[in-house]
Amino acid sequence: MSVVSLYKSGDNLDSEMDTERDSDSRPKTKPRIVIPESSIESQECETQPNHNESSHKASGNRKSESPGCRIPTIYFDDGMRSVDFVLVWDAFEDDAITEAAYQKRKVFEANLVADGLELEYVPQESNGLNFVKIHAPKEVLRRYGEILKLRMPMRKELCKLPREFRQNRLYNTPAFIAQMPAFQQVQSKTNFLVEEITSQWDKLKSYVIVDTEKFPEKNQRFTAVYSRDREYLFDVDSPCFFTPAIHSRIVQFILDRKKYSDKEHDDFSFGIEKLLNESVYSAAYPLHDGDLKQPGSLRYLLYNEWTAIRKWYRYQPLDYVKDYFGVKIGLYFAWLGFYTHMLLPAAIVGFLCFVYSCVTLYNNKPSEDICNSNNTIKMCPLCNHWCNYWDLTETCTHARITYLFDNAATVFFAVFMSFWAVLFLELWKRYSAEITHRWDLTGFDIQEEHPRPQYLARLAHVKRQEVNVVTNLPEPHVPFWRLRVPITIFSFSVVMLMVTMALATVVAIVVYRMSVLFSLRVYSDTVDNSQAILFTTATAACINLFFIVIFNWFYNYVAEYLTEFELLRTQTEFDDSLTLKIYLLQFVNYYASIFYIAFFKGKFIGSPKDYEKLFGFRQEECGPGGCLLELCIQLAIIMVGKQAMNTILEMLFPLFFKWLNTIKVKTGLTKDRSCKGERPQWLKDYKLVEWGPRSLFPEYLEMVLQYGFVTIFVAAFPLAPFFALLNNVLEMRLDARKLITFYRRPVSQRVRDIGVWYRILDSIGKLSVVTNGFIIAFTSEFIPRFIYRIYVSEDYSLNGYLNYSLSYFDSRDFENESLPRADNSHVVCRYPDFREPPWSDTPYARTPTYYHILAARLAFVVIFENVVAFIIIIIKWCIPDIPGELKDRIRREAYITNEIIIKQETIRAQNGYLYPSPTLHNDVVRNLRECPATPEQWDRLLSNSLAGTDFDLMVHSSGYPENKDNQDQTPMSI
Numbered sequence: 001m002s003v004v005s006l007y008k009s010g011d012n013l014d015s016e017m018d019t020e021r022d023s024d025s026r027p028k029t030k031p032r033i034v035i036p037e038s039s040i041e042s043q044e045c046e047t048q049p050n051h052n053e054s055s056h057k058a059s060g061n062r063k064s065e066s067p068g069c070r071i072p073t074i075y076f077d078d079g080m081r082s083v084d085f086v087l088v089w090d091a092f093e094d095d096a097i098t099e100a101a102y103q104k105r106k107v108f109e110a111n112l113v114a115d116g117l118e119l120e121y122v123p124q125e126s127n128g129l130n131f132v133k134i135h136a137p138k139e140v141l142r143r144y145g146e147i148l149k150l151r152m153p154m155r156k157e158l159c160k161l162p163r164e165f166r167q168n169r170l171y172n173t174p175a176f177i178a179q180m181p182a183f184q185q186v187q188s189k190t191n192f193l194v195e196e197i198t199s200q201w202d203k204l205k206s207y208v209i210v211d212t213e214k215f216p217e218k219n220q221r222f223t224a225v226y227s228r229d230r231e232y233l234f235d236v237d238s239p240c241f242f243t244p245a246i247h248s249r250i251v252q253f254i255l256d257r258k259k260y261s262d263k264e265h266d267d268f269s270f271g272i273e274k275l276l277n278e279s280v281y282s283a284a285y286p287l288h289d290g291d292l293k294q295p296g297s298l299r300y301l302l303y304n305e306w307t308a309i310r311k312w313y314r315y316q317p318l319d320y321v322k323d324y325f326g327v328k329i330g331l332y333f334a335w336l337g338f339y340t341h342m343l344l345p346a347a348i349v350g351f352l353c354f355v356y357s358c359v360t361l362y363n364n365k366p367s368e369d370i371c372n373s374n375n376t377i378k379m380c381p382l383c384n385h386w387c388n389y390w391d392l393t394e395t396c397t398h399a400r401i402t403y404l405f406d407n408a409a410t411v412f413f414a415v416f417m418s419f420w421a422v423l424f425l426e427l428w429k430r431y432s433a434e435i436t437h438r439w440d441l442t443g444f445d446i447q448e449e450h451p452r453p454q455y456l457a458r459l460a461h462v463k464r465q466e467v468n469v470v471t472n473l474p475e476p477h478v479p480f481w482r483l484r485v486p487i488t489i490f491s492f493s494v495v496m497l498m499v500t501m502a503l504a505t506v507v508a509i510v511v512y513r514m515s516v517l518f519s520l521r522v523y524s525d526t527v528d529n530s531q532a533i534l535f536t537t538a539t540a541a542c543i544n545l546f547f548i549v550i551f552n553w554f555y556n557y558v559a560e561y562l563t564e565f566e567l568l569r570t571q572t573e574f575d576d577s578l579t580l581k582i583y584l585l586q587f588v589n590y591y592a593s594i595f596y597i598a599f600f601k602g603k604f605i606g607s608p609k610d611y612e613k614l615f616g617f618r619q620e621e622c623g624p625g626g627c628l629l630e631l632c633i634q635l636a637i638i639m640v641g642k643q644a645m646n647t648i649l650e651m652l653f654p655l656f657f658k659w660l661n662t663i664k665v666k667t668g669l670t671k672d673r674s675c676k677g678e679r680p681q682w683l684k685d686y687k688l689v690e691w692g693p694r695s696l697f698p699e700y701l702e703m704v705l706q707y708g709f710v711t712i713f714v715a716a717f718p719l720a721p722f723f724a725l726l727n728n729v730l731e732m733r734l735d736a737r738k739l740i741t742f743y744r745r746p747v748s749q750r751v752r753d754i755g756v757w758y759r760i761l762d763s764i765g766k767l768s769v770v771t772n773g774f775i776i777a778f779t780s781e782f783i784p785r786f787i788y789r790i791y792v793s794e795d796y797s798l799n800g801y802l803n804y805s806l807s808y809f810d811s812r813d814f815e816n817e818s819l820p821r822a823d824n825s826h827v828v829c830r831y832p833d834f835r836e837p838p839w840s841d842t843p844y845a846r847t848p849t850y851y852h853i854l855a856a857r858l859a860f861v862v863i864f865e866n867v868v869a870f871i872i873i874i875i876k877w878c879i880p881d882i883p884g885e886l887k888d889r890i891r892r893e894a895y896i897t898n899e900i901i902i903k904q905e906t907i908r909a910q911n912g913y914l915y916p917s918p919t920l921h922n923d924v925v926r927n928l929r930e931c932p933a934t935p936e937q938w939d940r941l942l943s944n945s946l947a948g949t950d951f952d953l954m955v956h957s958s959g960y961p962e963n964k965d966n967q968d969q970t971p972m973s974i
């Protein structure tokens, strides 16, 4: 059978092999028998959905556009050249009107013009704002497209499959069998049932997936690294070949590297970033493609369809988000959407575990023994001298609430979440591989990045240079002992100081809890122990959250300063280092108090005869049921409170800064010029908030910290995934609305993945296995109860467990400073521990039961972690990082694209075109479009072994069907 016959021409390989995902506007499609002719229609451009004629007229500032082609909405005065970037300076700003500032702008703009950019100056506004419009002509785009190694779509007509190979023999075999008379009746009956089921399913699915009428499916083509030497492979003359995102990216690249001083050896004076810092310019940004309230632009469509909270249930149009904001932002929303979808099963299981706890609440024997005990169990004082004996029934509420989070269902959920964390990362790697292939990022590498301008500026005084092994260009050498080592030591020392500050805050919170609990016990006779513990824990958690928020702001500034000080070469290295620093500081800031309650509180208190003291004070104790309830309260307040505060502040801050910019713009602006609807887009965008190079960082950080709450301490708070899901459904739409409403349009950035965040997530997943194991073993009462059921109880129940878990103490053995002031009578009180009674031969020594339970706890941790680790290894082995179909697709595309390039080079050599030219004669173009014409040639091309090819990661395409005009051929689908 022909290899070509295995692939339908009407359906691309992506639709055959793809898995259903929220990043796409289409559901998973299965092989179809009938291929409609309309399915092979092509679109000219892939950057914006089609709009009807009325929507074009409504935009008010559009030129006439070709169907499906997104052309920038803002132009120079000639109405032809697009505005790719805008520079702004303020004549009312003192630093901007000095002679030095004028000279810097003059030199800088002259260098931009010398490099080929075209500038147009807008007459000064009455409010003092001066706008400089920048346009990148085609020659500049071609030159820098080659420098940046951009991957661009190849000519769609270079290679086409003959029409006769459109039908897939393998998949269409049932269609030919169904034409037999014997099968006609069976086919008519089954078709009705299948069509009815399919219709209902499609109708249900249409409410969730992306609306394809508003966001049509994206056409993908073969791509290759752009080179002017091989320009004949690309449709450079197409108005949409260089998209607006590429325009702004190239202009930004030029602005970052042009000098603003004409002094020969002034190597520090370059880059728009320094000019902005010196207030020579007020802003530099690309333009949005239209107003939020005017139809006809992609911004308007995304605002109404993507950011609308009322459409929270729909998948995101990620292809269009990527086209408008760039890969970096698109990948963030792809990850956030995937993470939110994965939270759904975790939230359901966690909620069911909580429901189970509520249903069985009154069946828990230990808590019922506390609440319904007929005998008074007098407990030892909670503090020295000032506190009195108290009745165990006072902790009834505390005991019952503790059971909601400390039962067998919680243990099951902790195991479940350990596997969930692994599945989340493994499935994300597969999903990410699909996204990166679809967005043409598989071959993108960090080594393609150029050095940061700030890096070169700080090393301008270094005379020694070395050749970069990748770019083969000389770069300054960083002295190891003179610069690298001192900077690293300084940075490490400051980070450790910040960590110490966070730990000091935890100690202060501990002192606060001890003081408040002491005060409530001494000065308030109406407050029982349950109320005192709950009140103290809740208020301490709120205070801790306040300090966390304050420290977060301080940490961000310190971490950014240290990272800038470390001389990191590329922007990716800079971002990764900054991410690790801030996450380490935030990790200690958020989780330190939680780790203290989970693993240290109440573990080293001693006995009433000889309490262990810290700084002369008696340490905090846990209640009879352990510290799990306090841990749960701490988690709930910090997690939910953090999410609520971040959501409110993330919306208020951009709104506030936009309001300030609006006041600045309108101050001094003449009335006729400020009339709504007549203001140009560059003035509207200036009122928006600047989107900095690290503006996406806090969004990732917030979600990764939430992921830590969901996984690391989930054994103490099973509802964490449920609250995280509710937050993320809202967060996704609010982030989108904030980005498209309050911020200037970001410059498109290409990244290959989520970067260092994946390594952090992977580390959290591994840490969660350890922490959940220790929480179950040492913080909860699961192991003592298990030991009691197996070895002590006669009927495997918890009858008598309460008495089993409490030890005896004779009040005559109190030290003088510990003796209760209000009651000096002889009393035998109880306290939670496993120690010998005072009448034994070794009073208050550890009992054998204590060591049996300790051994069981350690054994549980070892068994739990090893079993989970073993299953994790199996899961990772069973789920490859890249689907096999995708690997084959990438290799096949790379191989065939290479064959196309070789064939075109051969044709050019035969026609005497050894050197490329921007335009080719018609006869040569016709030759370039020639491809294998016979089935034997196609079979030989497609059936060759692809193993070991050097072009596995060279080009990518989903191979969507194209070519509406040519009815006897369809583009090659692979």
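Under this note's numbering, the first residue of the sequence shown is numbered 1, with each subsequent residue one higher. Glycine included, C-beta positions come from ideal geometry on N, C-alpha and C. Predicted, not measured: the structure shown is a model, and the values here were computed from it.
So the candidates are the options; which of them puts its Cα closest to the Cα of residue i?
i, options, result
"Tyr-431", "Asn-911, Glu-885, Ile-901 and Gln-910", "Glu-885"
"Ile-605", "Tyr-591, Ile-907 and Cys-622", "Cys-622"
"Arg-789", "Asp-735, Arg-745, Met-645 and Lys-365", "Lys-365"
"Ser-515", "Leu-425, Trp-386 and Val-422", "Trp-386"
"Gln-904", "Arg-230, Phe-535 and Leu-129", "Arg-230"
"Phe-490", "Ile-853, Leu-534, Thr-579 and Tyr-561", "Tyr-561"
"Tyr-743", "Gly-755, Gln-749, Ser-695 and Ile-754", "Ser-695"
"Pro-153", "Pro-784, Asn-866, Leu-404 and Val-225", "Val-225"
"His-826", "Ser-840, Trp-839, Asp-810 and Glu-836", "Asp-810"
"Val-714", "Glu-146, Trp-420 and Cys-371", "Trp-420"
Alpha carbon to alpha carbon, what distance is there between residue j and residue i?
i, j, result
"Gln-985", "Asn-219", "Coverage of the chain is limited to positions 1 through 974, which leaves residue 985 absent and any answer about it impossible."
"Ala-724", "Thr-340", "8 Å"
"Trp-682", "Thr-505", "47 Å"
"Asn-589", "Phe-554", "12 Å"
"Thr-393", "Glu-368", "10 Å"
"Leu-497", "Ala-559", "12 Å"
"Ile-543", "Glu-139", "60 Å"
"Leu-584", "Ala-433", "28 Å"
"Phe-354", "Ser-279", "56 Å"
"Val-208", "Arg-314", "4 Å"
"Arg-737", "Val-751", "23 Å"
"Tyr-791", "Asn-799", "13 Å"
"Leu-726", "Asn-375", "45 Å"
Is it the case that the Cβ atoms of residue i and residue j are separated by a distance below 8 Å?
i, j, result
"Leu-629", "Ile-401", "yes"
"Lys-258", "Asn-111", "yes"
"Gly-773", "Val-861", "yes"
"Lys-887", "Glu-426", "no"
"Thr-572", "Phe-697", "no"
"Tyr-850", "Pro-608", "no"
Cutting at 6 Å between CB atoms, please list the residues of its own chain near residue i, excluding the five before and the five after it.
i, result
"Lys-603", "none"
"Thr-19", "Interpretation of Thr-19 is limited by its pLDDT of 33, a score under 50 that renders its predicted location unreliable; the figure taken from the coordinates is listed afterwards. Closer than 6 Å at the Cβ level, and outside the excluded window around Thr-19, lies no residue."
Can you list, in chain order, the residues of its chain with a C-beta nearer than 8 Å to that of residue i? Leave out the 5 residues immediately preceding and following it.
i, result
"Asn-130", "Val-88, Trp-89, Asp-90, Ala-91, Tyr-121, Val-122 and Gln-124"
"Asp-77", "Glu-120"
"Val-251", "Asp-84, Phe-85, Leu-117, Ile-134, Ala-136 and Pro-286"
"Ile-853", "Ile-783, Pro-784, Ile-787 and Phe-834"
- Task: Could you say if the stretch 694-703 and the stretch 619-639 meet the contact criterion of at least three C-beta pairs nearer than 8 Å?
- Result: no
- Message: Count Cβ pairs between the stretch 729-745 and the stretch 333-352 that sit closer than 8 Å; are there 3 or more?
- Response: With a cut-off of 8 Å, the stretch 333-352 and the stretch 729-745 count as touching, because enough Cβ pairs lie within range.
- Inspect the CB distances between the stretch 649-666 and the stretch 94-103 and report whether three or more fall short of 8 Å. Between the stretch 649-666 and the stretch 94-103, the count of C-beta pairs closer than 8 Å stays below three; the two stretches do not touch.
- Item | Segment contact, 8 Å Cβ cut-off, at least three pairs: the stretch 273-287 with the stretch 308-319 | Contact between the stretch 273-287 and the stretch 308-319 is absent, because fewer than three Cβ pairs lie under 8 Å.
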